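Trainee:
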Amino acid sequence: MPVYKAPIEDFAFLFNHVLKIQDHKHLKGFDELTPDLLEAVLEGAGKLVEEEFFPLNRHGDEEGCRLEDNHVYVPSGFAEAYGKYCEGGWASLTADECDGGQALPHMIGGAVMEMLSSANFSLSLFPLLSHSAYMALKAHASEDIRNAYLPKMASGQWTGTMHLTEPHAGTDLALLRTKAKPLDDGSYAIEGTKIFITCGEHELAENIIHLVLARLPDAPEGVRGISLFVVPKFMVNEDGSLGDRNQVFCASLEKKMGIHGSPTCVMNLDGAKGFLVGAPHQGLKSMFTMMNAARLFVGIQGLSQAEVAYQNAHAYACDRLQGRGPRGAVDEHSAADPIIVHPDVRRMLLTQKSQIEGGRALALFALMQMDLAHAADNQEEREEADDLTAFLTPVVKAHLSDIGSEGANLAVQCFGGHGFVREWGVEQFVRDTRICQIYEGTNGVQAMDLVGRKMNLHDGRLPRRFFDKITQSLTKMEAGPAEEFVAPLHAGVTKLQDALAQLATMDLADRGAAAYPAMQAVGTLSIAWMWAEMAHASTNTNMAKIPTARFYFQQILPKLDYLCQIIGHGGQVIETHPIGHVA
Ligand SMILES: Cc1cc2nc3c(=O)[nH]c(=O)nc-3n(C[C@H](O)[C@H](O)[C@H](O)COP(=O)(O)OP(=O)(O)OC[C@H]3O[C@@H](n4cnc5c(N)ncnc54)[C@H](O)[C@@H]3O)c2cc1C
């Protein structure tokens, strides 16, 4: 059976020594986060996921979800585990105090989400979607709606969903057709079909709060004509009690490659009663306020599967006896050595480990910038943090979810044929993590967001902030314990800056072709930067980060060279190839 141990020590090292959260303890949200509280949160979350979430992971994959008479049943045991999650106050960790939340920084929520998701990806989706819906309502809903919905969403008593996708409108939401007809009482009748809706229907919570994108009758064409509505499964009475069942039903469940314990629903809205959130026709903008956070969390989800897969691959490699090491027998008393002696197996394990730990540092750094964008002392610092969050969000989403798939696949490879069969449980991680590269905006679209939008905002201010930040780190590291990483990191910065400058001069087609390698290049360099930071911070701690940093710098960072070379080639060969239509 698979194993999982929450990487609490690594989280504590990152928060205390790399991100140095105590330096920010005068700021709102950080002020509550004493070392004792941090330890209690990490240990409490680790215990919850190891004892309640992880034991249900394999079983949830096998049992899956089922739809009967408009009710969706999730795997047995999920309701009890979700109940313990809510009872322990985990749902309200980062919610506002006025909604009964604990108002801790989102980076702490990120660490907890990684653990929940490693332990049971499907079950962790209920809180994740609810958190996204909570944030969108918090930012845009009227006071009445906020008062009526948010405390119950914050406690986990009610869950949330995001209804964007329709059969003909996935990436291109301009094609969206769901309609909202104004009613005399100020509400709207919503009519349409949504597909692929995560946790669209289930019995885990008393009520489900759907956030639905739809068009008003006078809406302009395209994305400028989309409005956001809140559509509860059960209407909410003035005293907060639940009223009539709303006309929003699950028509069917998707049969899918992974996350079998998560209901992915086709949802029919048959004149469902909804309430406008924010201004008319501004729905997409409202949705995008919480998209940054959701995308950072999807990167973390990807990573979470690489982590649990790595833990299993490492345990197996220490145990499985095959062949002898390259320098002769390591254990002469046994018929063969454990496969961890083989350089190629070590390469696979270290590829996983270096990308997971580096990716984790990057994700938490980005989440901390998101926190600082609200909490920092002055406007200049808030703007810098906001720029860094915006720049890194598509990179964390896409690069870390790619790493998730690569890591889970490498784990299967470490197991050989035993990884391909179901018995050991690692093939589930490959299937489950694959969705992270697709939803919340596909990775290709994230890459386009990075090069098409983020690079150019405010005359290129965002990438300048990013490179300035790395340069500050380089200065700090000179003549320190991470000195050996200064020159290669500096060379990487110069190479990437040159490649991005070249990309900036390209036309749209060339840029579209170079977008993915550009996103990978920024991700590869960002993780090298995090490794240098971790190596620097690891002296006087018991974390042995320098050997893994060396592995990353020697075996992964050189990929930056070929990625920059590909960027330089532009896209002519791609655009003119006779593979199919180009208008
Ligand atoms: C398990 C699961 C859960 C989901 N949960 C939700 C949910 O809760 N709520 C919700 O609303 N949706 C959800 N989705 C939908 C998901 O967000 C979409 O599948 C995703 O946005 C892609 O849309 P699509 O599938 O229509 O693919 P398409 O948009 O048809 O894309 C197909 C391919 O074309 C590429 N492509 C498309 N347009 C461009 C472009 N302009 N530039 C470059 N490449 C492009 C894409 O990158 C992709 O590779 C979920 C999907 C799944 C499978």
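Residue numbers for the sequence shown, in the working numbering: 2 to 584.
We put the CB at the ideal spot given by N, CA and C, even for glycine.
In this text, all values refer to a predicted model and were calculated from it rather than measured experimentally.
1. Can you tell me whether Val4 is helix, strand or coil according to DSSP?
2. Which of the three DSSP states is assigned to Glu69 in this structure?
3. For a test of your reading of the model: does the CB of Val446 fall under 6 Å from any non-hydrogen atom of ligand 1? Yes or no.
4. Just checking, does the stretch 182–193 make contact with the stretch 301–320 on the three C-beta pairs under 8 Å criterion?
5. With a 10 Å radius around its C-beta and 16 neighbouring C-beta atoms as the bar for buried, classify Gly223 as buried or exposed.
6. Rounded to whole angstroms, what is the Cα-Cα separation between Pro464 and His27?
7. In whole angstroms, what is the alpha-carbon distance linking Ile210 and Ser131?
8. Return the CA-CA distance between Asn543 and Ser355, expressed in angstroms with no decimal places.
9. Taking all protein chains shown into account, decide if Leu38 is buried (16 or more other Cβ within 10 angstroms of its Cβ) or exposed.
10. With a cut-off of 8 Å on the beta carbons, I'd call Tyr150 and Val299 a contact; round off their distance for me.
11. Can you tell which of Gln498, Ala533, Ala538 and Ala529 has the C-alpha that lies nearest to the C-alpha of Ala519?
12. Measure the beta-carbon distance from Leu212 to Val237 and round it to whole angstroms, keeping in mind my assumption that it falls under 8 Å.
13. In chain order, what are the residue ranges of uninterrupted beta strand (DSSP E) at least 3 long that sit wholly in the stretch 229–256?
14. Pick out whichever of Arg361, Met136, Arg246 and Met291 has its Cα sitting closest to the Cα of Asp271.
15. Note down, one range per segment and in chain order, each alpha helix (DSSP H) of at least 4 residues found wholly within the stretch 426–452.
16. Helix, strand or coil, according to DSSP, for Ile209 in the structure here?
17. Return the residue from the list Ser156, Ile198, Trp159 and Ala220 that minimises the CA-CA distance to Pro183.
18. Between the alpha carbons of Ala252 and Glu428, how many angstroms are there, rounded?
19. Leaving out five residues on either side along the sequence, give the residues of the same chain with a beta carbon under 6 Å from the beta carbon of Met291.
20. Roughly how many whole angstroms lie between the Cα atoms of His72 and Leu401?
21. Work out the CA separation of Ala412 and Ala318 for me, nearest whole Å.
22. Run the proximity test for Tyr440: is its beta-carbon closer than 6 Å to any non-hydrogen atom belonging to ligand 1?
23. Check whether the stretch 33–50 touches the stretch 167–187, counting contact only when three or more Cβ pairs, one atom from each stretch, lie closer than 8 Å.
24. Would you kindly report the start and end of the unbroken beta strand (DSSP E) that includes Phe16?
25. Flag this pair as touching only if the stretch 500–510 and the stretch 368–383 have three or more C-beta atom pairs under 8 Å; answer yes or no.
26. Quick one: what does DSSP say Cys200 is sitting in, helix, strand or coil?
27. To the nearest angstrom, how far is it from the Cα of His419 to the Cα of Pro339?
28. Look at Met268 and Gly201 and say whether their C-beta atoms are less than 7 Å apart.
29. When we look at the beta-carbon of Leu307 and count the other beta-carbons within 10 Å, is it buried (16 or more) or exposed?
30. Figure out for me which residue from Gly405, Ile471 and Ala294 has the closest Cα to the Cα of Arg435.
31. May I have the straight-line CA-CA distance separating Cys99 from Arg147, to the nearest angstrom?
32. Could you name each continuous alpha helix (DSSP H) segment of 4 residues or more that falls completely within the stretch 68–155, going from the start of the chain to the end?
33. Rounding to the nearest angstrom, what Cα-Cα distance links Ile471 and Gly359 in this structure?
34. For Gln447 and Pro395, what's the separation of their Cα atoms in angstroms?
35. Per DSSP, what are the beta-bridge partners of Val267 in this structure?
Mentor: Considering the structure as presented:
1. Coil.
2. In the structure shown, Glu69 falls within a strand segment according to DSSP collapsed to helix, strand and coil.
3. It does: the Cβ of Val446 is within 6 Å (strictly closer) of some heavy atom of ligand 1.
4. With the cut-off at 8 Å, the stretch 182–193 and the stretch 301–320 do not touch.
5. The residue is exposed, with fewer than 16 neighbouring Cβ atoms inside 10 Å.
6. Pro464 and His27 have their alpha carbons spaced roughly 29 Å apart.
7. C-alpha separation (whole angstroms): 8 Å.
8. Cα to Cα, the separation comes out at about 17 Å.
9. Leu38 is exposed by the Cβ-count criterion.
10. With 8 Å as the limit, Tyr150 and Val299 do not qualify as a contact, their Cβ atoms being about 24 Å apart.
11. Residue Gln498 is the option with its Cα nearest to Ala519.
12. In fact, because the Cβ distance is near 15 Å, the residues do not count as touching under 8 Å.
13. Listed in chain order, the complete beta strand (DSSP E) runs (minimum 3 residues) inside the stretch 229–256 are 235–237, 243–246 and 249–254.
14. The candidate whose alpha carbon is nearest that of Asp271 is Arg246.
15. Within the stretch 426–452, the complete alpha helix (DSSP H) runs of at least 4 residues are 427–434 and 444–450.
16. In the structure shown, Ile209 adopts extended strand secondary structure according to DSSP, grouped into three states.
17. Nearest option by C-alpha distance: Ala220.
18. Approximately 30 Å, taken between the alpha carbons.
19. Contacts found: Ser133, Met136 and Ala137.
20. In this structure, the alpha-carbon of His72 lies about 35 Å from that of Leu401.
21. Distance between the alpha carbons of Ala318 and Ala412: 10 Å.
22. Yes, the Cβ of Tyr440 comes within 6 Å of a heavy atom of ligand 1.
23. No, they do not touch.
24. Bounds of any beta strand (DSSP E) do not take in Phe16, whose DSSP letter is neither H nor E.
25. These segments do not touch.
26. Correct three-state label for Cys200: coil.
27. When rounded, the distance between both Cα atoms is 15 Å.
28. The answer is yes: Cβ separation under 7 Å.
29. Rather than Leu, the amino acid found at residue 307 in this sequence is Ala. Per the 10 Å Cβ criterion, buried.
30. Ranking Gly405, Ile471 and Ala294 by Cα distance to Arg435 puts Gly405 first.
31. Rounded to whole angstroms, the gap between the alpha carbons of Cys99 and Arg147 is 10 Å.
32. Fully enclosed alpha helix (DSSP H) runs of 4 or longer: 79–88, 107–120 and 122–141.
33. Per the coordinates, the alpha-carbon of Ile471 lies some 15 Å from the alpha-carbon of Gly359.
34. Spanning the two alpha carbons is a distance of roughly 5 Å.
35. In DSSP, Val267 forms a bridge with Ser253.
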